[in-house]
Amino acid sequence: MSEKIDYPVQLIQPDGARVHGAGYAGEVTDIGPAELGGLYEDMVVLRRVDAEATALQRQGQLGIWAPSLGQEASQIGSARALAPDDYVFTSYREHGLAYCRGVPPAQWPPLWRGVALSNWDPAEYNLTNPAIVVGSQGLHATGYAMAAHMDGAEIAVMAYFGDGATSQGDLSEALGFAASWGAGVVFFCQNNHWAISEPVQLQSPFPLVARPRGFGIPGIAVDGNDVLAVLAVTRTAVRRAREGGGPTFIEAITYRMGPHTTSDDPTRYRTGAEIEHWRARDPIDRLRRLLLREGAMDEEFTRGVDTKAAAAAEALRAGALALPDPAPLTVFDHVYSDPHPLIDEEREQFSAYLDALEEAQP
Amino acid sequence: MTTMALGAALNAGLRRALERDPKVLLMGEDIGKLGGVFRVTDTLQKDFGAARVIDTPLAESGIIGTAFGMALRGYRPVCEIQFDGFVYPAFDQIVSQVARIHFRTGGRVRAPLTIRVPFGGGIGAVEHHSESPEAHFAHTPGLRVVTPSTPDDAFHMIMQAIATDDPVVFFEPKRRYWDKGEVDLDAPAALELHQARVAAPGTDVTLVAYGAMVATALSAAEIARQERHSIEVIDLRSLSPIDFDTVEASVRKTGRLVVAHEAPVFLGLGSEIAARITERCFYQLEAPVARVGGFATPYPPARLERYYLPDPDRILDAVDQTLAA
Numbered sequence: 000m001s002e003k004i005d006y007p008v009q010l011i012q013p014d015g016a017r018v019h020g021a022g023y024a025g026e027v028t029d030i031g032p033a034e035l036g037g038l039y040e041d042m043v044v045l046r047r048v049d050a051e052a053t054a055l056q057r058q059g060q061l062g063i064w065a066p067s068l069g070q071e072a073s074q075i076g077s078a079r080a081l082a083p084d085d086y087v088f089t090s091y092r093e094h095g096l097a098y099c100r101g102v103p104p105a106q107w108p109p110l111w112r113g114v115a116l117s118n119w120d121p122a123e124y125n126l127t128n129p130a131i132v133v134g135s136q137g138l139h140a141t142g143y144a145m146a147a148h149m150d151g152a153e154i155a156v157m158a159y160f161g162d163g164a165t166s167q168g169d170l171s172e173a174l175g176f177a178a179s180w181g182a183g184v185v186f187f188c189q190n191n192h193w194a195i196s197e198p199v200q201l202q203s204p205f206p207l208v209a210r211p212r213g214f215g216i217p218g219i220a221v222d223g224n225d226v227l228a229v230l231a232v233t234r235t236a237v238r239r240a241r242e243g244g245g246p247t248f249i250e251a252i253t254y255r256m257g258p259h260t261t262s263d264d265p266t267r268y269r270t271g272a273e274i275e276h277w278r279a280r281d282p283i284d285r286l287r288r289l290l291l292r293e294g295a296m297d298e299e300f301t302r303g304v305d306t307k308a309a310a311a312a313e314a315l316r317a318g319a320l321a322l323p324d325p326a327p328l329t330v331f332d333h334v335y336s337d338p339h340p341l342i343d344e345e346r347e348q349f350s351a352y353l354d355a356l357e358e359a360q361p
Numbered sequence: 000m001t002t003m004a005l006g007a008a009l010n011a012g013l014r015r016a017l018e019r020d021p022k023v024l025l026m027g028e029d030i031g032k033l034g035g036v037f038r039v040t041d042t043l044q045k046d047f048g049a050a051r052v053i054d055t056p057l058a059e060s061g062i063i064g065t066a067f068g069m070a071l072r073g074y075r076p077v078c079e080i081q082f083d084g085f086v087y088p089a090f091d092q093i094v095s096q097v098a099r100i101h102f103r104t105g106g107r108v109r110a111p112l113t114i115r116v117p118f119g120g121g122i123g124a125v126e127h128h129s130e131s132p133e134a135h136f137a138h139t140p141g142l143r144v145v146t147p148s149t150p151d152d153a154f155h156m157i158m159q160a161i162a163t164d165d166p167v168v169f170f171e172p173k174r175r176y177w178d179k180g181e182v183d184l185d186a187p188a189a190l191e192l193h194q195a196r197v198a199a200p201g202t203d204v205t206l207v208a209y210g211a212m213v214a215t216a217l218s219a220a221e222i223a224r225q226e227r228h229s230i231e232v233i234d235l236r237s238l239s240p241i242d243f244d245t246v247e248a249s250v251r252k253t254g255r256l257v258v259a260h261e262a263p264v265f266l267g268l269g270s271e272i273a274a275r276i277t278e279r280c281f282y283q284l285e286a287p288v289a290r291v292g293g294f295a296t297p298y299p300p301a302r303l304e305r306y307y308l309p310d311p312d313r314i315l316d317a318v319d320q321t322l323a324a
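So the sequence lines, in the order shown, correspond to chains A and B. Once you know that position 255 of the first sequence is 254 in numbering that gives the first Met the number 0, the rest is easy, because the numbers rise by one and skip nothing. Once you know that position 171 of the second sequence is 170 in numbering that gives the first Met the number 0, the rest is easy, because the numbers rise by one and skip nothing.
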């Protein structure tokens, strides 16, 4: 391949210097020190809540957790480009989307605690629950965008997925359908370099951002640890979707600093040197350096952020601990919308069995 | 009453569903100008527009996955899978997403898709065009699975399926598309979607069939009648849930049960029916439940399918064994 691949968009340099001027920087001229402070707060809160959830899993209060550690800029930057009426389909790692869409952290744990298969009402936040089958949600987003278009709604539909999902056939089908129909979908790929233990080079030896080109879909590579750049490119893609300009593919190049999930052991497949390399590129540190340059980071500000982060973490913890195990017979609820003789029969039989069991207890 | 072929009755039912509910959409490969490879959607795109009768790219998972997304926004997509053997690429979206979203979300989200699948053999087709994959779907919680065997049922059941808030896999007996029958276009449906129907009353043996096999079963019953054996033929219509009450009532009367389907006998619907009816009617059964169906082989080449597919003789052989027991 000799085709040219652009450098990823970057608006905050590693030393914290902000890039001004033409191009994507023009998308974020309204983002001043106060707004940057808001993005910083979002990222810190997300990291704190994510750490709390990981701790809750270690304490046996959650069955599993998929940490978002390291991906805060990709998630917060893109989420803050959205309006309430935009609709978001995610994978299982996008806790930043739940946060920015307004889902209280207390409502995040049910799925992870194993007391339910989903957490919130999607209609309340225009946000789906985590999709666990990798890549399945790209098609759903495309269909939703098509339906929104039929309704005359001028919205953008976000499809979040990771580098591993780009190998799934469903994602290629989604790109094909979206291109054919001109659907207003933003395919937001967080390339966090690892699909459990498989490096991104195994999914594709060529940059993922090149993949949509064959479908006629524009691709933008962005520094996924640069919240301002992510905000800028997502705003561009979202506007295109809302205006009927069709789909866009964004590759946000970031890094999964933690394990795939709390069940994973990344020391088996990646080196300490690699972790250190990316720790030096921490998205929160980058924004902190910019805020320091702008003189927008004083003690009062950081104390306020920390207080908010601690409260959000406590809300998640309290929410998790308050969840009782569901009653046994609820397993039969909502399999169907309408009454179903087989479900009714099995519920009745199992109920009688449980009653008999209880009577047999001394 | 109007005389029409089963395929034409489906077309009439789809047309009426499109007229009644602006949220109903048809999606599939070649369903627009061509009217589908079996012409079931003939003229519908012309009359309802390309925005409601949508030709899709050739990707079955894509059809179901995007239809699922449309359903999340309140639409009622009716997806055509061109042939039974092409439903497998869509299997994950059907069983992992469509079937489960209502359960997964505690009843907050519904996926009222109707997935139309022409199924079964007997048309001399190449491989992948004659399959009977209904057990895969009937085994999947969250789906309703139905199949009509007559034009009247085809007309009413497709409208009932579309109106159902649960996802419905709607198997169409493709070798009966051209068979004609009386359709009452003005009467309401005589039965609920999940109910079985006594297609021919009888007293000696109960014969359960569905889809294309119902006509075969009726032929077998007619032959048996000449030999003074009275077979009660039950058209199952719904494969999930199964109307065991209707089957049980018949077996309590006859004491004998034969189940016939094109799908392989091993772990086919006949296995479940045999088990359930044995549980319910153990003391009324005069003979073991007999099953007639496809072999434990892939669907064979067209020149062999007459051996693979149950015909009246093979059904009557099972009936005779049941009567001799």
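Where is the CB? At the ideal position from N, CA and C, for every residue including glycine.
Start and end of the alpha helix (DSSP H) containing Val264/B? Taking the second sequence and counting its residues from 1, one reaches residue 264/B at position 265. Looking at the DSSP string, Val264/B is not in any alpha helix (DSSP H), and its letter there is neither H nor E.
Compile a chain-ordered list of the residues in the region 107 to 138 of chain B whose CB is closer than 7 Å to at least one CB of chain A. Arg107, Val108, Arg109
When you compare each of Arg112/A, Ala115/A, Glu71/A, Leu81/A to His94/A by their alpha carbons, which one comes out closest? By one-based count along the first sequence, residue 94/A stands at place 95. When only C-alpha atoms are compared, the closest one is Glu71/A.
Quick one: list the residues of chain B neighbouring Ser262/A, beta-carbon separation under 8 Å, in chain order. Looking up residue 262/A in the first sequence gives position 263. By Cβ distance, chain B contributes nothing, its closest Cβ being about 21 Å from Ser262/A, past 8 Å.
Check each residue of the region 163 to 182 of chain B: if its Cβ is closer than 8 Å to any Cβ of chain A, include it; give the result in chain order. Thr163, Asp164, Asp165
Can you list, in chain order, the residues of its chain whose CB lies under 8 Å from that of Ile4/A, leaving out five sequence neighbours each side? Position 5 of the first sequence, counted from the start, is the residue given in the question as residue 4/A. Same-chain partners within the cutoff: Pro206, Val208, Ala209, Ala220.
C-alpha gap between Ser1/A and Ala50/A, whole angstroms: Position 2 of the first sequence holds residue 1/A. Position 51 of the first sequence holds residue 50/A. Confidence in Ser1/A is poor, its pLDDT being 48 and thus under 50, which makes the residue's placement unreliable; the coordinate value appears in the next sentence. The alpha-carbon atoms of Ser1/A and Ala50/A are separated by roughly 42 Å.
DSSP state of Gln189/A mapped onto helix, strand, coil: Working through the first sequence from its first residue, we reach residue 189/A at position 190. Note: Gln189/A maps to strand in three-state DSSP.
Does Arg212/A get closer than 8 Å to chain B when you measure Cβ to Cβ? Translated into positions along the first sequence, residue 212/A becomes position 213. No, its Cβ sits nowhere closer than 8 Å to a Cβ of chain B.
Considering just the uninterrupted stretch of the alpha helix (DSSP H) at Phe136/B, what are its terminal residues? Within the second sequence, the letter at position 137 stands for residue 136/B. 133 to 137 is the extent of the alpha helix (DSSP H) around Phe136/B.
Excluding five sequence neighbours on each side, which residues of the same chain lie with their C-beta closer than 7 Å to the C-beta of Lys252/B? The residue given as residue 252/B occupies position 253 in the second sequence. Around Lys252/B: Thr202.
Chain-ordered chain B contacts of Pro129/A [CB-CB under 9 Å]: Numbered from 1 along the first sequence, position 130 holds the residue referred to as residue 129/A. Chain B residues near Pro129/A: none, gap ~10 Å exceeds 9 Å.
Kindly confirm or deny that the region 214 to 226 of chain B and the region 193 to 201 of chain B touch, where touching means at least three C-beta pairs closer than 8 Å. yes
With 16 other Cβ atoms within 10 Å as the buried cut-off, status of Asn10/B: Position 11 of the second sequence, counted from the start, is the residue given in the question as residue 10/B. Flag for Asn10/B reads buried.
Under 6 Å Cβ to Cβ from Phe176/A, same chain only, skipping five residues before and after it: list those, please. Looking up residue 176/A in the first sequence gives position 177. Only Thr141 meet the Cβ criterion.
How do the region 143 to 155 of chain B and the region 87 to 97 of chain B stand: do at least 3 beta-carbon pairs fall below 8 Å, yes or no? no
What three-state label does DSSP hand Ser239/B in the structure shown? In the second sequence, residue 239/B corresponds to position 240, counting from 1. Strand, per DSSP.
DSSP on Met365/A, reduced to helix/strand/coil? There is no way to answer for residue 365/A, as the model of chain A reaches only from 0 to 361.
Name the one or two DSSP bridge partners that Gln156/A has. For the purposes of this step, residue 156/A is taken as the residue at position 157 of the first sequence. The sequence given here has Val at residue 156/A, not Gln. Tyr86/A, Val184/A.
Considering only the beta carbon of each residue, do Pro117/B and Phe82/B sit closer than 8 Å? As a working note, residue 117/B is residue 118 in the second sequence. As a working note, residue 82/B is residue 83 in the second sequence. Yes, Cβ-Cβ distance for Pro117/B and Phe82/B is below 8 Å.
List, in chain order, every chain A residue whose beta-carbon is nearer than 8 Å to that of Gln92/B. As a position in the second sequence, residue 92/B is number 93, starting the count at 1. Here the neighbours are Ser135, Leu138, Asp169.
Using the Cβ count rule (16 or more neighbours within 10 Å means buried), how would you classify Ser239/B? Position 240 of the second sequence, counted from the first residue, corresponds to residue 239/B. Buried, by the Cβ-count rule.
Return yes when the Cβ of Tyr306/B is within less than 8 Å of the Cβ of Glu126/B, no when it is not. Within the second sequence, the letter at position 127 stands for residue 126/B. Within the second sequence, the letter at position 307 stands for residue 306/B. No, these two residues do not count as a Cβ contact at 8 Å.
Measuring only the C-alpha atoms, how far is Ala308/A from Ala178/A? One-based indexing of the first sequence puts residue 308/A at position 309. One-based indexing of the first sequence puts residue 178/A at position 179. Computed Cα separation, rounded: 40 Å.
Quick one: grab the DSSP three-state call for Val43/A. The count along the first sequence starts at 1 and reaches residue 43/A at position 44. Helix, per DSSP.
Closer than 7 Å by C-beta to Phe47/B: which residues in its own chain qualify, once you throw out the five before and the five after it? Chain order, please. Mapped onto the second sequence, residue 47/B falls at position 48. Cβ neighbours of Phe47/B beyond the five flanking positions: Leu17.
Within 8 Å (strictly less), CB to CB, does Phe383/A reach chain B? A question about residue 383/A goes unanswered here, because the residues of chain A that appear run from 0 up to 361.
Which of helix, strand or coil DSSP assigns to Pro13/A: Stepping through the first sequence from its first residue, residue 13/A is reached at position 14. Correct three-state label for Pro13/A: coil.
Near Gln194/B, what residues of its chain come up, given a Cβ to Cβ distance below 8 Å and the 5 sequence neighbours on each side ignored? In the second sequence, the residue the question calls residue 194/B occupies position 195. Arg236, Ser237, Asp242, Thr245, listed in sequence order.
Pro287/B burial status per 10 Å Cβ neighbour count (16 or more: buried): For the purposes of this step, residue 287/B is identified with residue 288 of the second sequence, where counting begins at 1. The residue in question, Pro287/B, is exposed, as its Cβ has fewer than 16 Cβ neighbours within 10 Å.
Counting beta carbon pairs with one atom in the region 315 to 331 of chain A and one in the region 113 to 124 of chain A, are three or more of them shorter than 8 Å? yes
In terms of DSSP beta bridges, what is Ile114/B paired with? For this step, residue 114/B is matched to residue 115 along the second sequence. BP columns for Ile114/B point to Cys78/B, Val168/B.
Relative to the C-alpha of Ala110/B, which residue among Gln56/A, His139/A, Val133/A, Cys99/A is closest? Sequence index remark: in the second sequence, residue 110/B carries index 111 (1-based). Of the listed residues, the one whose Cα sits closest to Ala110/B is His139/A.
Closest Cα partner of Ile276/B within the set Met0/B, Ala289/B, Glu247/B: By one-based count along the second sequence, residue 276/B stands at place 277. The shortest C-alpha separation from Ile276/B is found at Glu247/B.
I'd like to confirm the pairing. Which residues does DSSP put opposite Arg290/B in its beta bridges? Within the second sequence, the letter at position 291 stands for residue 290/B. Paired residues: Val258/B.
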